[in-house]
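First residue of the sequence shown? That's 2 in the numbering used here, and the numbers climb one at a time after it.
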Amino acid sequence: MSNSGSVSSAPVTALASSLTLAAQQLTAGQLVAFPTETVYGLGADAENPAAVAAIYAAKGRPSNHPVIVHLAPEADIAYWAQNIPAEAHQLIAAFWPGPLTLILQRAAHIPDAVSGGQDSVGVRCPSHPVAQALLRAFKQGKGGIAAPSANKFGHVSPTTAQHVRDEFPAEIASGMIASVLDGGQSEVGIESTIVDLTRLATHGPVLLRPGHISSAQLAAVLGREIAAPDAAAPRASGTLDAHYAPNTPVVLIADAVLENTVQSLLYAGNKVAVMRYHEHRSQALAGLKILAADPAAYAHDLYAGLRELDEVQADVILVEMLPDDKVWQGVNDRLRRAAFDSRDVLQKLLK
Ligand code: TXA
Ligand code: MG
């Protein structure tokens, strides 16, 4: 990186010192929120069970839910996992650093706290430069940072540092979260794709959570199909039916009936917000967000859009249904979960 101008060196110095401090805080067992290319994470030293427990406490998350261990690009994955299959190395070569989490057999010395008591461990090497710099500064790049998304349990994941500050004002004020590193808006915008490789012999590779890296891309590298999760698949909190939800109820609705539904809701005296990817004509909305008709661009803006519409405190956020197409799999998965608790909302609002 060329950095001869004095103009740009000040922020770089500021960042370097905040990274050093954040790495020290992690080493001391404190919590640090940091950017990744998917969403912001709430990190702790993966080898410090008390620090990992503090993540659960801050999030209000059940402690039987495993967290992902983030590793530096140079990290030795054999330190974290055992019986690593060739498939893991193939996927790592193709997609790391990047938005892919692998579930592997946990190495014996890895604390129970990170795996929620399961014998597996989720590992991922993020591509975000600030995440990588933090991982390299922490324990000379040999540590692992356990980090779920930096949001309260069940809520929308954060894609900016401001989202993290909005999510945890009390925890930041009290020092329970020691630092929030700012790395701009997360590029991908939805959480990493998760593949389970712990049951290859019986189930093959299993997709636990769809994301930016599609099952077709994974299948192309492995030369075999990626299975959908079965009842015996490892627990994953992002796979609970209700998840990623704003406070305002979210209802998915087809383009063909969207404008009419808005009119009926307004007529019945409701405050309505709309998120869609087609043009929108009806007036008197409390909020309107038009996202791009492209899966990557839509994912990039999805969570920020939901948070923005949540702020107008409408009675409902109507989200235009997206095509039921593989390329929309990651986004459709998040929208379905965001809408899960609101199935009966329209009937109530239209009474
Ligand atoms: O993109 C991401 O993955 C972000 C960023 C911060 O890296 N992290 C994230 O973490 O989404 P979280 O905790 O919100 O979701 C992680 C998912 C959960 O559904 C968790 O249950 C699953 O990964 N997971 C982690 N370790 C696992 C394991 N050993 N077995 C099964 N699922 C696991
Ligand atoms: Mg999460």
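Heads up, the beta-carbon is just placed ideally off N, CA and C, and yes, glycines get one too. Here the structure is a predicted model, which means the values were calculated and not measured.
Residue environment, residue i, which counts as buried when at least 16 other CB atoms sit within 10 Å
{"i": "ARG225", "result": "exposed"}
{"i": "ARG210", "result": "buried"}
{"i": "HIS279", "result": "exposed"}
{"i": "SER116", "result": "buried"}
{"i": "ASP334", "result": "buried"}
{"i": "ALA89", "result": "buried"}
{"i": "THR203", "result": "exposed"}
{"i": "GLU75", "result": "exposed"}
{"i": "LEU351", "result": "exposed"}
{"i": "ALA17", "result": "exposed"}
{"i": "GLN26", "result": "buried"}
{"i": "SER3", "result": "Unreliable positioning characterises SER3 in this predicted model, as indicated by a pLDDT of 38, which lies under 50. The coordinate reading is nonetheless provided below. SER3 should be labelled exposed."}
{"i": "GLY6", "result": "Residue placement at GLY6 cannot be trusted, given a pLDDT of 37 that sits under 50; what the coordinates show is reported in the next sentence. Counting Cβ neighbours within 10 Å, GLY6 comes out exposed, since fewer than 16 surround it."}
{"i": "ASP295", "result": "exposed"}
{"i": "SER175", "result": "exposed"}
{"i": "LYS60", "result": "buried"}
{"i": "ASP46", "result": "buried"}
{"i": "PRO170", "result": "exposed"}
{"i": "ARG357", "result": "Because the chain here runs from 2 to 352, residue 357 falls outside it and cannot be looked at."}
{"i": "GLY270", "result": "exposed"}
Which residues DSSP lists as bridging residue i, in chain order
{"i": "THR146", "result": "Contrary to the premise, residue 146 reads as Ile rather than Thr in this sequence. ILE146 is bridged to ASP46, HIS71."}
{"i": "VAL346", "result": "Beta-bridge pairing links VAL346 to no other residue."}
{"i": "ASP183", "result": "None, per the DSSP bridge assignment."}
{"i": "LYS290", "result": "MET276"}
{"i": "THR194", "result": "LEU101"}
{"i": "GLU321", "result": "ILE254"}
{"i": "GLY30", "result": "According to DSSP, which records beta bridges pairwise, GLY30 is partnered with nothing at all."}
{"i": "SER121", "result": "GLN106"}
{"i": "ARG210", "result": "ILE195"}
{"i": "ILE178", "result": "LEU32"}
{"i": "ALA246", "result": "HIS156"}
Check: residue i C-beta below 7 Å from any heavy atom of the ligand TXA
{"i": "ARG308", "result": "no"}
{"i": "ILE78", "result": "no"}
{"i": "THR102", "result": "yes"}
{"i": "GLU188", "result": "no"}
{"i": "THR39", "result": "yes"}
{"i": "GLY123", "result": "yes"}
{"i": "ILE195", "result": "yes"}
{"i": "GLN330", "result": "no"}
{"i": "ARG210", "result": "yes"}
{"i": "GLY42", "result": "yes"}
{"i": "GLN106", "result": "no"}
{"i": "GLN119", "result": "yes"}
{"i": "HIS71", "result": "yes"}
{"i": "PRO127", "result": "yes"}
Nearest residue (CA-CA) to residue i, options the options
{"i": "ALA179", "options": "PRO63, ALA23, TYR57, VAL165", "result": "ALA23"}
{"i": "ALA315", "options": "VAL263, HIS164, THR249", "result": "THR249"}
{"i": "GLU168", "options": "THR160, LYS153, THR161", "result": "LYS153"}
{"i": "LEU267", "options": "ILE254, ALA287, GLN83", "result": "ALA287"}
{"i": "ALA257", "options": "LEU319, PRO247, TYR80", "result": "LEU319"}
{"i": "GLU312", "options": "LYS349, ILE291, VAL273, GLN141", "result": "VAL273"}
{"i": "ILE254", "options": "ALA114, VAL189, MET322", "result": "MET322"}
{"i": "PRO324", "options": "TYR299, PRO230, ARG308", "result": "TYR299"}
{"i": "LEU336", "options": "ASP302, LYS349, GLN348", "result": "ASP302"}
{"i": "ARG62", "options": "THR194, GLY155, VAL124", "result": "GLY155"}
{"i": "THR199", "options": "ILE104, MET177, ASP231", "result": "ILE104"}
{"i": "GLY99", "options": "VAL124, TRP81, TYR80", "result": "VAL124"}
{"i": "VAL157", "options": "ARG338, GLU38, GLN348", "result": "ARG338"}
C-alpha distance - residue i paired with residue j, whole-angstrom precision
{"i": "GLN133", "j": "PHE96", "result": "15 Å"}
{"i": "GLY212", "j": "GLN106", "result": "22 Å"}
{"i": "SER150", "j": "GLN284", "result": "36 Å"}
{"i": "LEU1", "j": "HIS129", "result": "Any answer about residue 1 is impossible in this case: the structure gives the chain only from 2 up to 352."}
{"i": "ALA51", "j": "GLY30", "result": "7 Å"}
{"i": "ALA138", "j": "ASP345", "result": "49 Å"}
{"i": "VAL40", "j": "LEU310", "result": "19 Å"}
{"i": "LEU32", "j": "ALA73", "result": "18 Å"}
{"i": "ILE111", "j": "ALA58", "result": "20 Å"}
{"i": "VAL196", "j": "ASN49", "result": "25 Å"}
{"i": "PHE35", "j": "ALA147", "result": "11 Å"}
{"i": "PRO159", "j": "ILE291", "result": "19 Å"}
{"i": "ALA233", "j": "ALA162", "result": "36 Å"}
{"i": "ASP120", "j": "PRO247", "result": "33 Å"}
{"i": "LYS140", "j": "HIS244", "result": "33 Å"}
{"i": "GLY118", "j": "ASN65", "result": "6 Å"}
{"i": "ALA108", "j": "ALA79", "result": "8 Å"}
Residue i CB to nearest heavy atom of the ligand MG below 7 Å
{"i": "SER116", "result": "no"}
{"i": "PRO67", "result": "no"}
{"i": "GLU168", "result": "no"}
{"i": "PRO149", "result": "yes"}
{"i": "GLU192", "result": "yes"}
{"i": "SER158", "result": "yes"}
{"i": "ASN84", "result": "no"}
{"i": "ASN152", "result": "yes"}
Cβ of residue i within 8 Å of any chain B Cβ
{"i": "VAL313", "result": "Of the protein chains in the structure, only one exists, and it is not chain B."}
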